[in-house]
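S.K.:
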Amino acid sequence: MPLFRRALPTLALASVALLAAGCSASDGGTDSSASSAPTQATEGGTLVYATGYGEPSCLDPHVGGYWSQALLATQVLEPLFGRSADGEIVPWLAESGTVSDDGLSWDIVLKDGITFTDGTPFNAEAVKVNIEHMQDPETGSSTGRIAVKEVESVDIDDDTHLTLNLSSPKSALLEVLSQHWAAMESPAGLERGKDENCLAPIGTGPFVYGEWTPQESIMLTRNDDYVTTAPEADHDGAAYLDAIEWRFIPDAATRQAALVSGEVQMVDSPLPTDIVSAEAQGITHINAPRAAASNRVELNMTQAPFDDIRVREAFVRSADPTPGIETLFAGTAERSYSVLSSVEPFAYSDESLFTTDVDRANELLDEAGWVMGDDGIREKDGEKLTVRFPVASNQSTQAEQSLFEQIQANTAKVGFDVQLNVTDLWGWYGNLFAFDYEAVSAPYTTVGPDVLRITYHSDSRTPEPSGYFANLSGLNDPEVDELLEKALATTDNDERRELYTDAQKLILASYAAMPIYDEQNHYLTKGVDGVVPIATINTPTLINASLTQ
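The end of the sequence shown is residue 549 by UniProt numbering, with every number in the run present.
(1) So, with DSSP's three-state summary, where would you put residue 301?
(2) Enumerate in chain order the residues of its own chain whose CB-to-CB distance from residue 370 is below 8 Å, with the five nearest sequence positions on each side excluded.
(3) Tell me the DSSP secondary structure of residue 169 in three-state form.
(4) Taking residue 393 as the reference, give the member of 364, 362, 427 with the closest Cα.
(5) Please state whether DSSP places residue 193 in a helix, a strand or coil.
(6) Are the region 459 to 477 and the region 140 to 155 touching, with three or more C-beta to C-beta distances below 8 Å?
(7) Between residue 291 and chain B, is there a C-beta pair that is closer than 8 Å?
(8) Please list the terminal residues of the continuous beta strand (DSSP E) segment that includes residue 454.
(9) Could you give the DSSP three-state label for residue 363: helix, strand or coil?
(10) Is the region 73 to 87 in contact with the region 272 to 288, if contact means three or more CB pairs nearer than 8 Å?
(11) Under 6 Å Cβ to Cβ from residue 69, same chain only, skipping five residues before and after it: list those, please.
(12) Figure out for me which residue from 442, 99, 353 has the closest Cα to the Cα of residue 425.
(13) Using the Cβ count rule (16 or more neighbours within 10 Å means buried), how would you classify residue 390?
(14) On the DSSP bridge list, what partners appear for residue 439?
(15) Return helix, strand or coil for residue 131, following the three-state DSSP convention.
(16) The alpha helix (DSSP H) that contains residue 145, what's its start and end?
(17) Where residue 340 and residue 445 are concerned, what is the direct C-alpha to C-alpha distance, given to the nearest angstrom?
(18) So, is residue 529 buried or exposed, given that buried needs 16 or more other C-beta atoms within 10 angstroms?
(19) Quick one: grab the DSSP three-state call for residue 316.
(20) Give the DSSP-derived three-state secondary structure of residue 384 in the structure shown.
(21) Give me the Cα-Cα distance between residue 511 and residue 173, rounded to the nearest whole angstrom.
(22) How close, in whole Å, do the beta carbons of residue 262 and residue 45 come, if the pair is a contact with beta carbons under 8 Å?
(23) Closest by CA to residue 294, which one among 349, 302, 412?
(24) Could you tell me the alpha carbon to alpha carbon distance between residue 423 and residue 430, rounded to whole angstroms?
(25) By DSSP's criteria, residue 554 is part of a beta bridge. Which residues make up the other side?
(26) Below 8 Å between beta carbons: does that hold for residue 192 and residue 217?
(27) Mind pulling the alpha helix (DSSP H) runs of 4 or more residues that sit fully within the region 240 to 309?
(28) What number of angstroms, rounded off, separates the C-alpha of residue 507 from the C-alpha of residue 496?
(29) Would you kindly check if the distance between the Cβ of residue 146 and the Cβ of residue 124 is under 8 Å?
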């Protein structure tokens with residue numbers, strides 16, 4: 001059977017056994033997709049990384065599946081597969097993956113001679129334990145569990161050979177096994193129990209978790225015995241840095257001041273104005289768009305008022321986010337008209353569905369029976385046209401929150417009462433778990449176009465054991481379900497493209513969501529070379545990083 005590889009034509013290959021490809025770009029003071037690896041790396045030193053993302057309550061990425069976990073896990077844990085810069089699945093902890101003719105089993109060959117940092121061997125049994133850990137309801141996994149949900153059993157032939165037996169074909173299996181939410185952890189570490197493992201998961205990666213000072217920082221120290229050679233590594237063996245100090249600094253201006261002063265060497269989630277001014281300050285900008293889904297405003301179709309497509313379209317036609325994106329993001333983000341990221345080859349856009357038309361919005365609301373009240377808010381059957389819109393303060397950037405305020409003001413002109421509720425990340429998740437919203441922006445990052453099934457298949461309205469569910473619009477369309485199921489079952493690239501395109505057309509036409517822009521990863525660095533985003537989810541790996549100041 002041909003094995004699908006993203007961004008390439010259908011291949012007459014059934015296994016993956018490719019040379020790893022690294023990334024490089026130019027020196028500081030530039031805008032690049034990755035910073036350059038130094039010609040002669042400087043050994044030693046501690047890099048200070050300042051993050052604006054919320055501090056995770058658990059460092060194990062199998063538990064939940066949050067972006068802040070993946071950022072840290074990229075330094076400590078490793079997945080079975082990686083991805084090259086042009087989208088090919090490449091070896092990491094595994095050498096190859098071969099799919100059967102019926103698509104119901106995958107033979108996985110592992111690299112030999114690798115150990116976890118606690119001395120536990122990495123082998124087929126360890127992979128089985130990790131899959132079972134992600135599937136165990138007690139783990140509370142969402143992203144990891146979704147990745148391996150179809151795995152019914154694991155057959156072990158020897159230490160480096162195993163077979164994953166599936167309940168149904170999953171052409172995206174190697175793609176989802178390349179994300180760090182499905183990274184491999186020491187079985188001995190998992191045996192310690194959830195609470196202890198959450199404090200310091202044990203991996204095979206270039207760094208090891210050290211002291212965690214809550215609400216301040218986490219220390220990571222170099223794994224001197226590192227041997228895996230990650231796809232992005234520019235050298236064999238251990239990292240150049242002695243350690244990483246991972247600081248939690250919620251305020252973007254404070255992070256930027258620390259970077260400019262030299263107190264820290266790297267920040268994430270910078271303000272758009274700081275990105276624009278980076279070059280003049282000798283600061284490197286690394287632009288690394290996330291794969292899979294775009295950033296969208298999802299409209300909850302399971303309850304009033306958005307159970308009526310006319311009201312959903314009226315909201316979209318009156319929201320008018322484009323001017324805000326252009327001004328607030330200062331050219332660092334572009335308007336999207338697709339539910340997939342622009343880095344996905346199968347992304348389909350239809351701008352005509354999302355053009356602003358206030359007159360049409362008013363007509364649709366009139367047709368739907370929503371009458372304008374004296375206070376400027378429409379009413380129907382005694383109910384206000386209220387849209388509860390929770391926003392996570394430490395997940396949405398300041399520019400994004402300002403954009404939502406503009407959407408609030410624009411939709412008010414046709415009679416919507418959008419109520420923005422800015423809360424912390426865990427309060428935001430509480431709103432989602434309870435379906436306590438009418439609109440929400442919730443980007444979903446994974447690897448490949450199967451994210452459409454995760455976010456829009458009707459089965460995805462059922463919460464995972466963690467409480468999370470990814471179909472936040474509540475879309476329930478049997479035709480969409482069928483297209484996404486067929487796409488998952490086939491390994492023919494052309495057929496997959498057609499199926500995913502047809503599904504996207506239906507999703508966009510349903511007004512289940514309003515795409516706003518690609519979900520971006522922006523990083524700024526100063527006094528360090530060799531920071532490289534991994535080609536799967538574009539989190540930065542510091543395996544090649546070397547201090548220059």
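Positions of the beta carbon are idealized from the N, C-alpha and C atoms, including for glycine.
M.R.: The answer reads as follows:
(1) In this structure, residue 301 counts as coil in the three-state DSSP scheme.
(2) Excluding residues within five positions, the ones whose Cβ falls inside 8 Å are 305, 311, 378, 379, 380, 385, 415.
(3) Under the three-state reduction of DSSP, residue 169 is assigned to coil, being neither helix nor strand.
(4) Of the candidates 364, 362, 427, 427 places its Cα closest to the Cα of residue 393.
(5) Looking at residue 193 - three-state DSSP - the assignment turns out to be coil, as it is neither helix nor strand.
(6) Yes, they touch.
(7) Absent from the structure: chain B. Only one protein chain is present.
(8) Careful: residue 454 lies outside any beta strand (DSSP E), inside the alpha helix (DSSP H) at 451 to 456.
(9) Note: residue 363 maps to helix in three-state DSSP.
(10) No: the two stretches stay apart, fewer than three of their Cβ pairs being nearer than 8 Å.
(11) In chain order, 56, 61 place their CB closer than 6 Å to the CB of residue 69, counting only its own chain and leaving out the 5 sequence neighbours on each side.
(12) Of the candidates 442, 99, 353, the one whose C-alpha sits nearest the C-alpha of residue 425 is 442.
(13) Label assigned to residue 390: buried.
(14) Answer is 299, bridged to residue 439.
(15) DSSP places residue 131 in helix when its eight states are reduced to three.
(16) Looking at the DSSP string, the run of the alpha helix (DSSP H) that includes residue 145 is 143 to 148.
(17) Taking the Cα positions, residue 340 is about 10 Å away from residue 445.
(18) By the 10 Å Cβ count, residue 529 comes out buried.
(19) Helix at residue 316.
(20) In the structure shown, residue 384 sits in a strand (DSSP, three-state: E or B).
(21) Here the alpha carbon of residue 511 sits roughly 29 Å from the alpha carbon of residue 173.
(22) With a contact defined as Cβ atoms closer than 8 Å, residue 262 and residue 45 miss out at about 13 Å.
(23) Out of 349, 302, 412, 349 has the C-alpha closest to the C-alpha of residue 294.
(24) If I take the Cα positions, the gap works out to 10 Å.
(25) The chain is shown only over 1 to 549; residue 554 falls outside these bounds and no answer can be derived.
(26) The answer is no: Cβ separation not under 8 Å.
(27) Counting only runs of 4 or more, we get 252 to 261, 272 to 276.
(28) Going by C-alpha positions, residue 507 is about 16 Å away from residue 496.
(29) The beta carbons of residue 124 and residue 146 sit no closer together than 8 Å.
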